[in-house]
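Student:
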Amino acid sequence: MSRILLEDLSVAIDGQQIVEQIALSVQPGEFVGLVGPNGSGKSTLLKALYRVLRPSGGRAWLDSDDIWTITAKQSAQRLAVVGQERMGEFDFTVTELVAMGRTPHKGMFDANGARDRGIIEDCLHQVGMASKAQRQFMSLSGGEKQRVLVARALAQSTPVLVLDEPTNHLDIRHQIDLLELIRHLRKTTLAALHDLNLAARYCDRIVMLHHGRVVAEGRPHEVLTQQRIEAVYEVGALVQLDADKVPSILFAPLQRAATPADRPVQMETGA
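Below is the structure:
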């Protein structure tokens, strides 16, 4: 099992600081959720970890290795990614696409062996896509494509998963199925999640970002409080804890004092 450690990690794009001095860790086998409003820096932070955006400061570690000092192949053997970016219009069958996950473990011209084929088949079963193994990827629905991309990441057989909105495009059942699977696998997992209720139920710990900085970190019930959700997300929130201290959150428009701009304009009529 591997450990993720970010030390004072900062990322700037076109001279603008997007995330700044992020310090967090993900212990072996732990599932940590990264939450925060749009634009808070979640995707940028993950891209620095999976080597798309080079940090402007600080370091990202996999165990004792700086992720930016190892080779791309070494990184792919240890860390698998499901990002938000979609493939181009190149078409493959579902099996061919998932088989790409085996590439880091083979030579350039090596064919898939019996073990590779078994792993590919198993990963498709895990995400419920085995029945569509020979379908063209581009013919699938958005949710089906997302499940295939998760299967490709699982086929890499890495100890670490980095997931950027993995439940995008999935219906409720498949969101739950996917997060149940990830928790069951007990890989070292860092995932950006929009749905706070799903994050609360499935993550061991939650890290909340706001304006590119960590504003809270801890167990779900410690982070997802009414006061913090209202301050960071600017919505009303009712938070209830079940017997296991798992938060359940209801959202509503944030009640605030009306400003002059909010008040209805009174139509004037002639005398």
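Numbering (full-length UniProt numbering), first residue to last: 1 to 271.
Each residue gets a CB set at the ideal place from its N, CA and C atoms; glycine is no exception.
Answer with buried or exposed for residue 253, where buried requires no fewer than 16 other C-beta atoms within 10 angstroms of its C-beta.
Tutor: Result: exposed.
Student: Would you check if the distance between the CB atom of residue 60 and the CB atom of residue 9 is smaller than 8 Å?
Tutor: Yes, the pair counts as a contact, with Cβ atoms nearer than the cut-off.
Student: Which residue spans inside the stretch 164 to 231 form an unbroken alpha helix (DSSP H) run of at least 4?
Tutor: 172 to 185, 196 to 202 and 220 to 223, all fully within the stretch 164 to 231.
Student: Residue 205 and residue 217 look like a contact to me (Cβ under 8 Å); what is the Cβ gap, rounded to whole Å?
Tutor: So it is a contact: roughly 7 Å between Cβ atoms.
Student: Please confirm if the stretch 53 to 69 is in contact with the stretch 128 to 136, defined as three or more CB-CB distances below 8 Å between the two stretches.
Tutor: Touching, no, given that fewer than three Cβ pairs across the two stretches are closer than 8 Å.
Student: Please report how far the alpha carbon of residue 74 lies from the alpha carbon of residue 156, in whole angstroms.
Tutor: C-alpha separation (whole angstroms): 12 Å.
Student: Taking only the alpha-carbon atoms, compute the straight-line gap between residue 185 and residue 31 and give it to the nearest angstrom.
Tutor: Roughly 10 Å between the two C-alpha positions.
Student: Considering Cα atoms alone, identify which of 39, 65 and 178 is closest to residue 123.
Tutor: Considering only alpha carbons, the answer is 178.
Student: Say whether the stretch 185 to 196 touches the stretch 102 to 121, bearing in mind that this needs 3 or more beta-carbon pairs closer than 8 Å, one atom from each stretch.
Tutor: No: fewer than three Cβ pairs fall under 8 Å.
Student: Output needed for residue 202: all residues of its chain with C-beta closer than 6 Å, excluding positions within five of it in sequence on either side, in chain order.
Tutor: Excluding residues within five positions, the ones whose Cβ falls inside 6 Å are 179 and 183.
Student: Between the Cα of residue 1 and those of 161, 121 and 232, spot the shortest distance and give me the residue it belongs to.
Tutor: For residue 1, the nearest C-alpha among the options comes from 161.
Student: Quick one, are the C-beta atoms of residue 101 and residue 147 less than 8 Å apart?
Tutor: It is not a contact, given that the beta carbons lie outside the stated cut-off.
Student: Below 8 Å on the Cβ atoms is my guess for residue 199 versus residue 35; work out the distance and round it to an integer in Å.
Tutor: Contact holds; Cβ gap of about 6 Å.
Student: Starting from residue 243, trace the beta strand (DSSP E) in both directions and tell me its first and last residue.
Tutor: Run containing residue 243: none; DSSP gives neither H nor E here.
Student: Our contact map puts residue 49 next to residue 67 with C-beta atoms below 8 Å; I'd like the distance itself, whole angstroms only.
Tutor: Correct: roughly 6 Å between the Cβ atoms.
Student: May I have a chain-ordered list of the alpha helix (DSSP H) segments no shorter than 4 residues that lie completely inside the stretch 79 to 141?
Tutor: Complete alpha helix (DSSP H) runs here, min 4: 94 to 99 and 114 to 126.
Student: Have a look at residue 222 and residue 239 and give me their C-alpha separation to the nearest angstrom.
Tutor: When rounded, the distance between both Cα atoms is 11 Å.
Student: Checking the sheet assignment: what are the DSSP bridge partners for residue 65?
Tutor: Answer is 62, bridged to residue 65.
Student: Would you mind reading off the limits of the alpha helix (DSSP H) that contains residue 43?
Tutor: It spans 42 to 49 - the alpha helix (DSSP H) in which residue 43 sits, taken as one unbroken run.
Student: Cα separation between residue 105 and residue 116?
Tutor: Taking the straight line joining both Cα atoms gives about 9 Å.
Student: When you compare only the Cα positions, how much space is there between residue 7 and residue 58?
Tutor: Approximately 5 Å between the Cα atoms of the pair.
Student: Drop a sphere of 10 angstroms on the beta-carbon of residue 170, count the other beta-carbons inside from all chains shown, and report buried for 16 or more, exposed for fewer.
Tutor: Per the 10 Å Cβ criterion, buried.
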